[in-house]
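Peer 1:
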Amino acid sequence: MADMEVALKDMMMLDGAIGAAVVDYGSGMPLGVLGGSKSFDLEIASAGNTEVIRAKMRTIEQLGLSEEIDDVLITLATQYHLIRPTRSRRAKGLFLYLALDRSRGNLAMARHRLKDIEAELEI
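Be aware that the sequence shown starts at 1, since it is given in the UniProt record's numbering, and climbs by one per residue.
1) For Ser48, tell me which candidate among His112, Asp24 and Ser66 has the shortest Cα-Cα distance.
2) According to DSSP, which residues form a beta bridge with Gln62?
3) I'd like to know whether the C-beta atoms of Leu42 and Gly26 end up nearer to each other than 8 Å.
4) Among Ala99, Leu73, Val33 and Gly105, whose alpha-carbon lies nearest the alpha-carbon of Lys56?
5) In angstroms, rounded to a whole number, what distance separates the CA positions of Phe95 and Leu76?
6) Measuring only the C-alpha atoms, how far is Leu8 from Arg113?
7) Let's test the definition: count the other Cβ atoms within 10 Å of the Cβ of Asp10 and tell me whether it reaches 16, buried, or not, exposed.
8) Counting only the same chain and skipping the five closest in sequence on each side, list residues whose C-beta sits under 6 Å from that of Leu107.
9) In chain order, which continuous runs of the alpha helix (DSSP H) of length 4 or greater are located wholly inside the region 20-98?
10) By how many angstroms is the C-alpha of Ala119 removed from the C-alpha of Gln62?
11) Which residue's Cα is closest to the Cα of Met109: Ser46, Asp15, Ile60 and Asp71?
Here it is, written out as structure tokens:
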């Protein structure tokens, strides 16, 4: 089992990692952040991505689908943004958020690693 600090460090160890956060999608507040910069505010990104998750969850419910979100990928010109909701009872109501530099990051590896980190996370 990994705590939040370990999870954030693991996310930032991925090639091309720009910033990582563990976010409560009920409030939109990050519980922890690592990385980012003056021009890339992880708190603003966390709040914005909370709206993405909430909208998709509402849509799934309205459609009557018995599905869960594995992850959400937002592709920008120079970055990938990955959002992975947590499913375990130990970390319910959260999502992992990772921003990657497209020229240095490996999207497949990042998705695989986030899945592992989410499974190990205990808050």
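For glycine and all other residues, C-beta sits at the position ideal for the given N, C-alpha and C.
As the structure is a computational prediction, the values presented were derived from the model and not from experiment.
Peer 2: Reading off the structure:
1) Correcting the residue identity first, residue 48 is Gly in this sequence and not Ser. That would be Asp24, whose Cα lies nearest to the Cα of Gly48.
2) DSSP lists no partner for Gln62.
3) For Leu42 and Gly26, no; Cβs fall outside 8 Å.
4) Measuring from the Cα of Lys56, the nearest candidate turns out to be Leu73.
5) Annotation: Phe95 to Leu76 spans about 20 Å, alpha carbon to alpha carbon.
6) Answer to the nearest angstrom: the Cα atoms are 12 Å apart.
7) Looking at its Cβ environment, which holds 16 or more other Cβ atoms inside 10 Å, Asp10 is buried.
8) Leaving aside the five residues that flank Leu107 on each side, the residues in its chain whose CB is nearer than 6 Å to its CB run, in chain order, Tyr80.
9) For the alpha helix (DSSP H) assignment, the uninterrupted runs of no fewer than 4 residues enclosed by the region 20-98 are, from N- to C-terminal side, 42-62.
10) Looking at the two C-alpha atoms, the distance is approximately 27 Å.
11) Distance from the Cα of Met109 is smallest, within the candidate group Ser46, Asp15, Ile60 and Asp71, for Asp15.
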